[in-house]
Every structure is written in structure tokens, then in C-alpha cells.
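Asks: When the letters of the sequence shown are read in order and numbered with our numbering, they come out as residues 1 to 313.
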Amino acid sequence: MEGEGMKRTIWLVLILAFVLAGCKGEGEAPLATADAAAEDSAIQNENKLLNDQLILMQAQLQATEQELENLQIEMESKQPIDPYQELLIELTKQYPALRPFAAAQTWTSVTITNDLKTNAVLDPELLEIIGSYLVITGETIDFTNGPQSDIDNFSLLLANESGTYKIDIAGRDVMTFPELAPGVYFRISSNTADVGKALMSKPDYVPTDSWETRMLNSGMIHVKAEDSQFYMVSAFRTRGVAIQLLNAAKQEIAQPQSITENVLEEITFYLYGNKIQMNVYSTYIQIKDGSREIWYQVDKEVPKQIQGFISAG
């Protein structure tokens with residue numbers, strides 16, 4: 001009997017041990033799940049913290065950019081305004097249709113008109129040059145009895161994407177817009193009159209002069225050298241180059257049978273739509289006036305003097 005009681009006791013202990021072991025095994029899974037949930041919660045909290053920091057940094061960056069923009073506006077408002085720019089602003093407010101003439105323009109079409117004669121300007125370089133001169137440079141001019149002109153007056157018909165404009169050149173440095181601002185005169189570059197003189201048709205009242213006089217009175221020149229070519233719109237330069245030739249010691253000769261020298265510079269004088277071409281060699285100078293050709297033999301210093309006058313600052 002005692003043995004059977006002992007066996008029952010042992011069996012009870014074993015059963016209890018199995019039960020406890022089973023309970024312990026079943027509790028491990030919930031514990032692992034809780035740890036994972038805690039870890040996920042920590043990651044989420046960290047991500048939220050980083051996201052909040054990012055939002056804060058973005059707001060600070062936006063505020064800094066706005067502060068810089070406000071500071072730039074304040075600095076610009078304190079800078080002194082160029083009186084000339086201020087004048088142009090006022091003029092374009094008063095005459096809004098003339099706003100394109102507050103700065104240089106490149107015109108796609110320019111026609112010069114005088115005495116019912118028209119000449120179209122086709123050279124792109126000349127179109128750009130003319131556009132650079134037709135800029136209002138000062139206040140309107142008050143003429144009591146109209147402008148007193150010392151030039152052959154002419155008109156310009158201009159066109160580009162801004163529109164079509166008619167301008168009357170009423171003086172050496174005076175222009176007016178007969179359609180947009182009649183009777184109002186604006187100051188412009190005096191070079192405009194020189195370009196007009198070079199390219200317009202010869203007025204009927206102007207007599208035909210010798211090639212020497214026409215060269216002296218030309219409105220502009222074009223210089224073509226071995227490595228460059230350009231227009232010069234300057235009464236001083238144009239007249240000065242002509243004087244260099246006319247004052248030079250030279251001897252008129254027949255056209256040489258053969259020339260081994262290269263042309264150093266080809267200088268073209270423009271007056272009333274016509275050209276006089278001067279080809280400069282090292283010891284010769286050739287003049288082309290229409291169908292007429294004149295040859296001179298010169299000292300080697302003469303071409304150097306002509307070239308020096310053109311290139312002098």
C-alpha cells in the first residue's frame with residue numbers, strides 16, 4: 001500500500017511538472033510579441049520625431065529665404081536712382097508708345113526717306129548700329145519756333161516685333177514722332193544724322209562735287225582689313241582719313257600693269273547713298289568713284305599714317 005501511494009505521488013509530481021512546463025512554453029510567444037511591439041513603437045516614435053524636426057527645419061528655411069528677399073528689396077530701395085533712368089521712366093510713363101526707344105533696339109527693317117525718295121537699309125550690322133543711336137538720351141526739347149537744323153532732314157520708317165514707327169530727324173541730335181507724339185522733340189545721338197547723310201538719297205538742291213569734296217563730307221566709312229571689318233560713324237574719323245590722303249605727298253600714275261602687293265585696307269566712304277572706295281597698298285592708293293579709277297604712288301609712310309589714324313583711340 002505504501003508503494004502504491006508512493007507511485008501515485010510520483011505520477012502526480014510528473015504530471016504537475018508537465019503542466020507547468022506547458023504553461024511556461026505557451027507564455028514565451030506572447031512575451032516575444034510584446035517585445036516586437038515595443039520595438040515597433042520606439043521606431044515609430046523616432047520617425048515621428050525626425051519628421052517633426054524636418055518640418056521645423058523647412059519652416060526655418062522658408063522664413064530665412066523670406067527674410068533675405070525682404071532684405072534685398074530694402075537694399076534696392078535705398079540705392080540711388082540714376083537720374084537718366086529716372087528721366088526715361090517718366091518719359092515712358094508720359095509717352096508709353098515710345099517705350100521701345102528707352103533702350104537700344106535691333107530693327108528688322110529700316111527705310112530712309114527724303115524728298116520722296118526711299119532707301120532701304122539691308123546690312124544687319126547697320127541695322128544694329130542705327131538701333132543703338134535711336135535711344136532717347138535726355139529731356140524733351142522746347143523749341144520756340146521749331147528746331148533750327150543744320151543738316152539735310154530725313155525720316156526713318158522702322159519695324160521689328162515691337163511694331164512700326166515713323167521718326168523725323170529734325171536736327172543733328174533731334175528726333176520727333178509725327179504720329180505718336182507730334183510736336184514733341186527728343187534728344188538722340190548726333191551719329192544718327194551722319195548715318196542718314198551716308199545712306200539717304202542726295203537732295204535735289206545739293207550740287208555734284210568732286211570726289212575729294214565728297215570724300216571729305218561723307219557720313220561714315222567702312223573699313224575692311226585682312227582680319228577684320230567694321231563701320232565707323234564719326235565725322236572726325238571720316239574727315240580725318242580723307243585728309244590723310246589729300247595731304248599726302250603722292251603722284252598720280254596710270255594703272256599699274258601688275259601689282260604684287262596685297263590690299264592692306266579697303267576703305268569705303270558713304271555719302272547720299274553712293275560710295276567712294278579707297279584701296280590702300282603699301283606703295284599705292286587706288287580710288288574708285290563709280291566707273292572712274294585713279295591711282296597714286298605714295299611713300300610707304302602714307303599707308304601707315306592712314307592705318308594709324310583709323311586705329312588711334
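All C-beta atoms, glycine included, are put in the ideal place defined by N, C-alpha and C.
Since the structure is predicted, the reported quantities are computational estimates derived from the model, not experimental observations.
For the alpha helix (DSSP H) that Arg99 lies in, which residues bound it at each end?
Replies: Residue mapping note: residue 99 aligns to position 99 of the sequence shown, counting from 1. Per DSSP, Arg99 belongs to no alpha helix (DSSP H) and is neither H nor E.
Asks: Just how far apart, CA to CA, sit Ala37 and Leu61?
Replies: In the sequence shown, the residue the question calls residue 37 occupies position 37. In the sequence shown, the residue the question calls residue 61 occupies position 61. Cα-Cα distance, rounded: 36 Å.
Asks: Glu74 to Ala102, Cα distance in whole Å?
Replies: Working through the sequence shown from its first residue, we reach residue 74 at position 74. Working through the sequence shown from its first residue, we reach residue 102 at position 102. Using only the alpha carbons, I get a separation of about 26 Å.
Asks: Report the partner residues of Glu266 according to the DSSP bridge assignment.
Replies: To locate residue 266, count along the sequence shown from 1; it is residue 266. For Glu266, which the question treats as bridged, DSSP gives the partners Lys224, Asn279.
Asks: Between which residues of its own chain and Ala225 is the CB-CB distance below 6 Å, once the five residues before and five after are set aside?
Replies: Residue numbering aside, residue 225 sits at position 225 when the sequence shown is read from its first letter. Result list for Ala225: Glu265, in chain order.
Asks: State yes or no: is the C-beta of Thr144 within less than 7 Å of the C-beta of Val184?
Replies: What you label residue 144 is simply residue 144 of the sequence shown in a count that begins at 1. What you label residue 184 is simply residue 184 of the sequence shown in a count that begins at 1. Not closer than 7 Å, so no.
Asks: Touch check for the stretch 155–162 and the stretch 86–93: three-plus C-beta pairs under 8 Å?
Replies: Judged by Cβ distances under 8 Å, the stretch 155–162 makes no contact with the stretch 86–93, as fewer than three pairs qualify.
Asks: Looking at Leu216 and Arg237, is the spacing between their C-beta atoms short of 7 Å?
Replies: As a first step, residue 237 must be located in the sequence shown, where it is residue number 237. As a first step, residue 216 must be located in the sequence shown, where it is residue number 216. Cβ distance not < 7 Å, so Arg237 and Leu216 don't count as in contact.
Asks: Pairing CB atoms from the stretch 242–259 with CB atoms from the stretch 295–311, are three or more of them under 8 Å?
Replies: These segments touch.
Asks: Would the stretch 162–175 and the stretch 205–223 be scored as touching if the rule is three or more Cβ pairs under 8 Å?
Replies: Contact between the stretch 162–175 and the stretch 205–223 is absent, because fewer than three Cβ pairs lie under 8 Å.
Asks: Looking only at its chain, what residues have a beta carbon closer than 8 Å to the beta carbon of Ile310, apart from the 5 residues adjacent to it on each side?
Replies: Looking up residue 310 in the sequence shown gives position 310. These residues qualify, in order along the chain: Val223, Met232, Arg237, Val241, Glu265, Ile267.
Asks: What's the C-alpha gap between Pro303 and Ile287?
Replies: Residue mapping note: residue 303 aligns to position 303 of the sequence shown, counting from 1. Residue mapping note: residue 287 aligns to position 287 of the sequence shown, counting from 1. Approximately 14 Å, taken between the alpha carbons.
Asks: Looking at the unbroken alpha helix (DSSP H) that takes in Asp194, where does it start and where does it end?
Replies: Against the sequence shown, residue 194 aligns to sequence position 194. Residues 191–199.
Asks: Return helix, strand or coil for Glu90, following the three-state DSSP convention.
Replies: Position 90 of the sequence shown holds residue 90. Three-state result, Glu90: helix.
Asks: Measure the C-alpha to C-alpha separation of Ala235 and Phe269 and round it to an integer number of angstroms.
Replies: Translated into the one-based positions of the sequence shown, residue 235 becomes position 235. Translated into the one-based positions of the sequence shown, residue 269 becomes position 269. Between Ala235 and Phe269, the C-alpha separation is close to 11 Å.
Asks: What's the gap between the Cα of Thr283 and the Cα of Glu261?
Replies: Residue 283 sits at position 283 when you count from the first residue of the sequence shown. Residue 261 sits at position 261 when you count from the first residue of the sequence shown. Distance between the alpha carbons of Thr283 and Glu261: 8 Å.
Asks: What do you get for Thr192, buried or exposed, if any count of 16 or more other CB atoms within 10 angstroms of its CB means buried?
Replies: As a first step, residue 192 must be located in the sequence shown, where it is residue number 192. Burial call: buried.
Asks: Measure from the alpha carbon of Pro182 to the alpha carbon of each residue in Gly146, Trp211, Ser201, then state which is nearest.
Replies: Translated into positions along the sequence shown, residue 182 becomes position 182. Checking every option, the nearest Cα to that of Pro182 belongs to Gly146.
Asks: Pull the bridge partners of Val298 from the DSSP assignment, please.
Replies: As a position in the sequence shown, residue 298 is number 298, starting the count at 1. In the DSSP output, where bridge partners are listed per residue, Val298 has Lys250.
Asks: So what does Thr238 bridge to, in DSSP terms?
Replies: Here the question's residue 238 lines up with position 238 in the sequence shown. Its beta-bridge partners do not exist; DSSP assigns none.
Asks: Could you pull out every residue in the same chain whose Cβ sits closer than 8 Å to the Cβ of Val195, ignoring the five residues on either side in sequence?
Replies: If you number the sequence shown from 1, residue 195 lands on position 195. Cβ neighbours of Val195 beyond the five flanking positions: Leu126, Ile129, Ile130, Tyr133, Gly219, Met220, Val233.
Asks: For the candidate residues Asn51, Ser201, Ala63, whose alpha-carbon lies nearest to that of Asn274?
Replies: Residue numbering aside, residue 274 sits at position 274 when the sequence shown is read from its first letter. Checked all of Asn51, Ser201, Ala63; the closest Cα to Asn274 is Ser201.
Asks: Just curious, the alpha helix (DSSP H) that Arg214 is in, first and last residue?
Replies: Along the sequence shown, read from residue 1 onward, the residue named residue 214 stands at position 214. That run of the alpha helix (DSSP H) goes 211–216.
Asks: Please identify the residue among Gln305, Leu199, Leu271 whose C-alpha is closest to the C-alpha of Asp289.
Replies: Taking the first residue of the sequence shown as position 1, residue 289 is located at position 289. With distances taken between Cα atoms, Asp289 lies closest to Leu271.
Asks: Let me know the secondary structure DSSP gives Asp35 once reduced to three states.
Replies: Here the question's residue 35 lines up with position 35 in the sequence shown. DSSP places Asp35 in helix when its eight states are reduced to three.
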